[in-house]
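Peer 1: The numbering of the sequence shown is full-length UniProt numbering, which starts it at 1 and goes up by one.
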Amino acid sequence: MRIPILKLHDYLLISVQVELDDQTALQFQEDVLEKIHQEGSRGVVIDLTSVDMIDSFIAKVLGDVVDMSNLMGAKVVMTGIQPAVAITLIDMGIVLDDVPTALDLEQGLERLQLELEG
1 MRIPILKLHD YLLISVQVEL DDQTALQFQE DVLEKIHQEG SRGVVIDLTS
51 VDMIDSFIAK VLGDVVDMSN LMGAKVVMTG IQPAVAITLI DMGIVLDDVP
101 TALDLEQGLE RLQLELEG
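(1) Are at least three pairs of beta-carbons, each pair with one atom in the stretch 92-103 and one in the stretch 58-77, less than 8 Å apart?
(2) Rounded to whole angstroms, what is the Cα-Cα separation between Arg42 and Asp10?
(3) Which residue from Arg2, Asp22, Val51 puts its Cα closest to that of residue 120?
(4) If distances are taken between C-alpha atoms only, which option among Glu110, Gln82, Gly73 comes closest to Gly40?
(5) Should Ser56 go down as buried or exposed, given a rule of 16 or more other Cβ atoms within 10 Å for buried?
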């Protein structure tokens, strides 16, 4: 199953509405990077509001998506991180120090605009 990626001006908006398994996560990673390349996107908002739980592999893939996006010149903002997901990320040693976060997609988009302007 593919996760829809919406384009809005220079940004990509992604709302993960499915439970992430290994294959879906890898496809997601590939799709995001390909879309950044195709569209010349400057920023990406990844909304995880519907994701209740992740495992260590999914946590690593999310961290990799952020790092790879940054290498391609696209700033990532993550939104809607649930408590269990935050705990898992920390427990797995996935450090997202340079990743701005927000409570929801709207705030995430505002945060992305501020990050890119400043």
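Beta carbons: idealized from backbone N, C-alpha and C, even for Gly.
These numbers were taken from a predicted model, which means no experiment stands behind them.
Peer 2: Checking against the coordinates, here is how it stands:
(1) The stretch 92-103 is in contact with the stretch 58-77.
(2) Taking the sequence shown and counting its residues from 1, one reaches residue 42 at position 42. Taking the sequence shown and counting its residues from 1, one reaches residue 10 at position 10. About 6 Å.
(3) The question about residue 120 has no answer here: the residues shown for the chain are numbered 1 through 118.
(4) Numbered from 1 along the sequence shown, position 40 holds the residue referred to as residue 40. Nearest of Glu110, Gln82, Gly73 to Gly40, Cα basis: Gly73.
(5) Within the sequence shown, residue 56 is the residue found at index 56, counting from 1. Classification for Ser56: exposed.
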